[in-house]
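There are 2 protein chains.
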Amino acid sequence: MELVTSKRGSFMYELFFQTLQTKVPFNEEELTILKTYLTPKKLRKKQYLLQEGDVCKFIAFVEKGSLRSYTIDEKGNERIIQFALEGWIISDLFSFLTAEPATYNIDALEGSELVLISKTAHEELLKKLPKYETWIRLQITGAYIAMQRRLTSIISLSLEERYAGFTSLYPEIVQRVPQHMIASYMGLTPETLSRVRRKMTRK
Amino acid sequence: MELVTSKRGSFMYELFFQTLQTKVPFNEEELTILKTYLTPKKLRKKQYLLQEGDVCKFIAFVEKGSLRSYTIDEKGNERIIQFALEGWIISDLFSFLTAEPATYNIDALEGSELVLISKTAHEELLKKLPKYETWIRLQITGAYIAMQRRLTSIISLSLEERYAGFTSLYPEIVQRVPQHMIASYMGLTPETLSRVRRKMTRK
DNA sequence: TTTTTTCATTGACTTTTATCAATGCTCTTT
DNA sequence: AAAGAGCATTGATAAAAGTCAATGAAAAAA
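Keeping their order, the protein sequence lines are chains A and B. Once you know that position 79 of the first sequence is 79 in our numbering, the rest is easy, because the numbers rise by one and skip nothing. Once you know that position 157 of the second sequence is 360 in our numbering, the rest is easy, because the numbers rise by one and skip nothing.
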């Protein structure tokens, strides 16, 4: 019964502050201010964080667990846009920034703990803490670079090369996520990915 | 002989400041500081701004003309990653930020005029002008959202839908860029894009 | 435990896209 | 005006990926 560290289902933001500090060192005062703008949230497996059509009201930092964002195409197939493991952030940035209805769904692949930054918190923090803007800028830049690499590999590599690249870049995801979701992320059917894998193990 | 407006091949940064001001209003003093960090550059058609293997030393704003970034795959095919028309920025951000050798080439599709922000200028501006950081953050965010949409369309739409989406989103590019480059941008052969187009006009 | 459900694999077949080769058109360049 | 380069289109064929259906294994639920 550790009442001190887990009061009413809440949790500490250990990973959040740890990864934050390595990129942009905040001082004590800044940390105190920042903390007042954060909201913890727990999700059960399969629970939605965001549904298509709703306006995305937060950026979520994954403290524990894993999530995905995805769309549903006209045939009803899920198309996974992004995975997020511990230490990543996930959101529908377009919806968040423009307040338009979201085009993506986000849900939890495992029981998860998140640190939420609401839209109003985001705006206040941008005004009050220059370092918050720096942190956000670096996060988005990193996400941009990662996505550009993914795009490059899609339009210029063979399936074998793409899957090999994925497994070496994200071994954690391969471990924790069902294969058919990785197929969806790659824009393939589960059958095709299965055959790609067989071909590769033959070598 | 307009010596006043075009001294020794230089040019004004009209579009740059115009688009800058609509997103982040700079005051006179800030504009004056910013100006000292900018470098004009003119490129002829087909001239390189960046070659694979070199370190990318700038972010380029397109004042006039058009450019593309691309990789060469193992078969020698060019794979276009990005186009940039007037008002866009283009760079190999990964190389720029990490000082690793660039994985992309950038060259001019037409005679072009650029506004360059060098790495050192970028770092100084981040320190001196908070609004510069805001501007850069907004630029990268916009680029991220645009790329996420492109990725989503790649993994969830048919070729017809993708090409229709491209032409309605970027009619300027369709006008000014050869079709085989658009095919390359879409990850297709020129023949396949030609057939997609024929199918569409039949309807 | 037993019963479902989810998941990965495989085979047969279809559809989509790439490849190779040829043609004619439009611009430059000479 | 003639020659050459770059470009878009088309046809025939090959390769890649998707679809449909079935099977068995593993995981979750009862």
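Note that beta-carbon positions come from the ideal geometry of N, C-alpha and C, so glycine has one too. Small disclaimer: the values here were computed from a predicted structure and weren't measured.
Return the chain-ordered list of same chain residues with a C-beta closer than 8 Å to the C-beta of residue 19 of chain A, the five sequence neighbours on each side being excluded. These residues qualify, in order along the chain: 87.
Between B:383, B:379, B:389 and B:340, which has its C-alpha nearest residue 362 of chain B's C-alpha? Cα-wise, what sits closest to residue 362 of chain B is B:389.
Within the stretch 43-118 of chain A, note down every full alpha helix (DSSP H) run reaching 4 residues or more, in order along the chain. With a minimum length of 4 residues, the continuous alpha helix (DSSP H) runs that stay inside the stretch 43-118 of chain A are 93-98.
Give every residue of the same chain whose Cβ lies closer than 6 Å to the Cβ of residue 229 of chain B, excluding the five residues on either side of it in the sequence, and list them in chain order. The beta carbon of residue 229 of chain B is closer than 6 Å to those of 334 in its chain, skipping five residues each way along the sequence.
Drop a sphere of 10 angstroms on the beta-carbon of residue 105 of chain A, count the other beta-carbons inside from all chains shown, and report buried for 16 or more, exposed for fewer. With 16 or more neighbouring CB atoms inside 10 Å of its own CB, residue 105 of chain A falls in the buried class.
Rounded to the nearest angstrom, what separates residue 72 of chain A and residue 239 of chain B at their Cα positions? Each residue's alpha carbon lies about 49 Å from the other.
Pull up the CB-CB distance for residue 304 of chain B and residue 258 of chain B, whole angstroms please, since I reckon it's below 8 Å. Confirmed, Cβ separation roughly 6 Å.
Output, in chain order, the set of chain B residues within a Cβ distance shorter than 7 Å of residue 167 of chain A. Within chain B, no C-beta atom comes less than 7 Å from the C-beta of residue 167 of chain A; the nearest is roughly 18 Å away.
Sub-8 Å separation of residue 385 of chain B and residue 144 of chain A beta-carbons: Result no, Cβ atoms of residue 385 of chain B and residue 144 of chain A do not sit closer than 8 Å.
Tell me whether residue 132 of chain A sits in a helix, a strand or coil according to DSSP, three-state version. Here DSSP, grouped into helix, strand and coil, assigns residue 132 of chain A to helix.
Inter-residue spacing [alpha-carbon to alpha-carbon] between residue 107 of chain A and residue 49 of chain A: Taken atom to atom, the span from the alpha-carbon of residue 107 of chain A to that of residue 49 of chain A is near 5 Å.
Among B:325, B:350, B:397 and B:396, which has the Cα closest to the Cα of residue 261 of chain B? Minimum Cα distance to residue 261 of chain B is reached at B:325.
Where does residue 4 of chain A sit, in a helix, a strand or coil, going by DSSP? A caution first: residue 4 of chain A carries a pLDDT of 39, below 50, which makes its placement in the model unreliable, though a value can still be read off. Look at residue 4 of chain A here: in three-state DSSP terms it is coil, with no helix or strand label.
Compute the Euclidean distance between the alpha carbons of residue 216 of chain B and residue 233 of chain B, then round it to the nearest angstrom. Their Cα atoms are separated by approximately 15 Å.
Should residue 359 of chain B be flagged as near chain A, meaning a C-beta pair shorter than 8 Å? Yes - at least one Cβ of chain A is within 8 Å of the one on residue 359 of chain B.
C-alpha gap between residue 66 of chain A and residue 51 of chain A, whole angstroms: Answer to the nearest angstrom: the Cα atoms are 17 Å apart.
Rounded to a whole number of angstroms, what is the C-alpha to C-alpha distance between residue 297 of chain B and residue 375 of chain B? About 27 Å.
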